[in-house]
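These notes are about the structure you will find just below.
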Amino acid sequence: MSRLKMLFTQASFISVGIFLGVGITQLIYHLNGEDYSPEWYFSLSVIFAGILCSLPSLILCGENVKSFKIKLAIHFCVLFIAVSLLGFLFKWYSNLFGYAIVMGIFICVYAFTWVAMLWIYKREDKAINNALDAIRDEE
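Quick note on my numbering: the sequence shown kicks off at 97 and runs consecutively.
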């Protein structure tokens, strides 16, 4: 998968994951009788966060498995800090409980993005292998 396609796909998954997480949070607030309405710029901040949080994935490109684990830990920490700062700047939370909710959503979105990207990579690998098998069968 090309790097640009990877970045676009991850930005899309991250943004959709954040919107799903916030939607579930809003539903929980609504069912508890509380009112939650985000600021007018919330949607733009989520899209910006999706794009910004997909960029650190470029450090993961490489072949060495041992260094991949270190890069993955660095990747998670960089994104954790980025989401914390973006949450503070865009007022996604106003207290410690709100911060915990945002970080819970972050962890769920992080896991969702990894699972979705692995599924896409496996699907592409299978398509490539099938195409190679078809070429070999013709010969």
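All C-beta atoms, glycine included, are put in the ideal place defined by N, C-alpha and C.
What you are looking at is a predicted structure, and each value in this text was computed from that prediction instead of being measured.
Asked, Found
"Collapsed DSSP secondary structure at W215 in the structure displayed", "helix"
"Presumed contact (8 Å Cβ cut-off) between H171 and S190, rounded CB distance", "That pair is no contact at about 28 Å."
"Alpha carbon of D151 to alpha carbon of K101, nearest angstrom", "The residue you asked about is not Asp; residue 151 is Leu in the sequence shown. Their backbone Cα atoms lie some 12 Å apart in a straight line."
"C149 vs L175 beta-carbon contact at 8 Å", "yes"
"Contact check, I110 vs G146, beta carbons under 8 Å", "yes"
"Cβ-Cβ distance between Q106 and M213 below 8 Å", "yes"
"Per-residue burial, F202 [other beta carbons within 10 Å of its own, 16 or more giving buried]", "buried"
"Span of the alpha helix (DSSP H), counted from its first residue to its last, around G119", "99–127"
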